[in-house]
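First up is the structure itself, then whatever we jot down about it.
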Amino acid sequence: MANKKERINGIIRKSITEIIMFEMKNPNLGFVNIPEVRVNNDLSQAKVYVSFMYEEQIEEGMNVLEKSKGFIRSSLAKRLDTKRCPDIIFILDEGFKREKRISELLNKTK
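Numbering (the numbering used here), first residue to last: 7 to 116.
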(Lines of atoms letter the chains of each structure in order from A; the text may use other names.)
(Lines give C-alpha, C1' and ligand atoms only; values in the text may rest on other atoms or scores of the structure.)
Protein backbone atom coordinates (compact mmCIF):
# COMPACT_ATOMS: atom_id res chain seq x y z
CA MET A 7 0.00 0.00 0.00
CA ALA A 8 2.89 2.38 0.75
CA ASN A 9 4.19 2.10 -2.81
CA LYS A 10 0.73 2.76 -4.22
CA LYS A 11 0.33 5.84 -2.00
CA GLU A 12 3.76 7.13 -3.02
CA ARG A 13 2.93 6.59 -6.68
CA ILE A 14 -0.44 8.37 -6.33
CA ASN A 15 1.24 11.21 -4.40
CA GLY A 16 3.68 11.70 -7.27
CA ILE A 17 1.00 11.55 -9.96
CA ILE A 18 -1.20 14.06 -8.12
CA ARG A 19 1.74 16.41 -7.52
CA LYS A 20 2.80 16.32 -11.17
CA SER A 21 -0.77 16.63 -12.46
CA ILE A 22 -1.75 19.56 -10.25
CA THR A 23 1.48 21.34 -11.16
CA GLU A 24 0.66 20.91 -14.86
CA ILE A 25 -2.96 22.01 -14.35
CA ILE A 26 -1.84 25.18 -12.56
CA MET A 27 0.87 25.96 -15.11
CA PHE A 28 -0.94 25.19 -18.35
CA GLU A 29 -4.70 25.16 -17.77
CA MET A 30 -5.38 27.89 -15.22
CA LYS A 31 -5.44 31.38 -16.63
CA ASN A 32 -5.48 33.45 -13.44
CA PRO A 33 -2.76 36.13 -13.25
CA ASN A 34 -3.42 36.61 -9.51
CA LEU A 35 -2.06 33.16 -8.73
CA GLY A 36 1.61 34.08 -9.04
CA PHE A 37 4.42 31.54 -9.00
CA VAL A 38 3.32 28.40 -7.12
CA ASN A 39 5.45 25.44 -6.13
CA ILE A 40 4.06 22.13 -4.90
CA PRO A 41 6.81 20.50 -2.85
CA GLU A 42 4.68 17.65 -1.47
CA VAL A 43 1.36 15.83 -1.70
CA ARG A 44 0.10 13.34 0.88
CA VAL A 45 -2.95 11.16 0.32
CA ASN A 46 -4.61 9.41 3.25
CA ASN A 47 -4.85 5.62 3.50
CA ASP A 48 -8.18 5.26 1.68
CA LEU A 49 -7.13 7.80 -0.99
CA SER A 50 -10.17 9.98 -0.26
CA GLN A 51 -8.17 13.12 0.61
CA ALA A 52 -5.02 14.68 -0.77
CA LYS A 53 -3.18 17.29 1.25
CA VAL A 54 -1.41 19.47 -1.30
CA TYR A 55 1.38 21.55 0.22
CA VAL A 56 1.98 24.78 -1.70
CA SER A 57 4.54 27.54 -1.46
CA PHE A 58 4.82 30.85 -3.25
CA MET A 59 7.86 32.68 -4.57
CA TYR A 60 6.95 35.96 -2.86
CA GLU A 61 5.23 36.52 0.48
CA GLU A 62 2.93 39.14 -1.08
CA GLN A 63 1.42 36.39 -3.26
CA ILE A 64 0.43 34.06 -0.45
CA GLU A 65 -3.00 35.39 0.54
CA GLU A 66 -4.24 36.02 -3.00
CA GLY A 67 -2.69 32.78 -4.26
CA MET A 68 -4.35 30.67 -1.57
CA ASN A 69 -7.70 32.35 -2.33
CA VAL A 70 -7.32 31.58 -6.05
CA LEU A 71 -6.45 27.94 -5.32
CA GLU A 72 -9.44 27.55 -2.98
CA LYS A 73 -11.81 29.08 -5.55
CA SER A 74 -10.33 26.89 -8.31
CA LYS A 75 -10.45 23.68 -6.29
CA GLY A 76 -13.42 22.27 -8.27
CA PHE A 77 -11.75 22.92 -11.63
CA ILE A 78 -8.45 21.45 -10.42
CA ARG A 79 -10.18 18.36 -9.02
CA SER A 80 -12.18 17.71 -12.21
CA SER A 81 -9.05 18.12 -14.34
CA LEU A 82 -7.18 15.82 -11.96
CA ALA A 83 -9.92 13.17 -12.17
CA LYS A 84 -9.34 12.92 -15.93
CA ARG A 85 -5.67 12.12 -15.32
CA LEU A 86 -6.00 9.59 -12.50
CA ASP A 87 -6.76 5.93 -13.10
CA THR A 88 -8.50 5.47 -9.75
CA LYS A 89 -12.17 4.87 -8.97
CA ARG A 90 -12.51 8.24 -7.27
CA CYS A 91 -10.61 11.45 -7.26
CA PRO A 92 -9.51 12.52 -3.78
CA ASP A 93 -10.76 15.73 -2.20
CA ILE A 94 -8.03 18.36 -2.36
CA ILE A 95 -6.90 20.30 0.69
CA PHE A 96 -4.41 23.08 -0.01
CA ILE A 97 -1.98 23.73 2.83
CA LEU A 98 0.56 26.53 2.88
CA ASP A 99 4.05 25.05 3.19
CA GLU A 100 5.98 27.19 5.66
CA GLY A 101 9.31 25.57 4.77
CA PHE A 102 10.35 28.43 2.53
CA LYS A 103 10.10 30.87 5.46
CA ARG A 104 12.41 28.69 7.54
CA GLU A 105 14.86 28.40 4.64
CA LYS A 106 14.84 32.17 4.12
CA ARG A 107 15.45 32.79 7.83
CA ILE A 108 18.34 30.29 7.90
CA SER A 109 19.88 31.96 4.84
CA GLU A 110 19.61 35.36 6.49
CA LEU A 111 21.27 34.06 9.65
CA LEU A 112 24.07 32.42 7.67
CA ASN A 113 24.66 35.60 5.69
CA LYS A 114 24.90 37.62 8.91
CA THR A 115 27.71 35.40 10.19
CA LYS A 116 29.86 36.10 7.11
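Quick reminder that beta carbons are idealized off the backbone N, C-alpha and C, glycines included.
Nothing here was measured: the structure is a model prediction, and the numbers come from that model.
Asked                                                                                                                                                           : Found
Over what stretch of residues does the beta strand (DSSP E) that includes I97 continue unbroken?                                                                : 93-98
Looking only at C-alpha atoms, which of N34, I25, A52, P33 sits nearest to R13?                                                                                 : A52
Using alpha carbons as the reference points, say which of V70, V45, R104 lies closest to M30.                                                                   : V70
In whole angstroms, what separates the C-alpha of P41 from that of M27?                                                                                         : 15 Å
So, for I64: in the same chain, excluding its five sequence neighbours on each side, which residues have a beta-carbon less than 6 Å away from its beta-carbon? : F58
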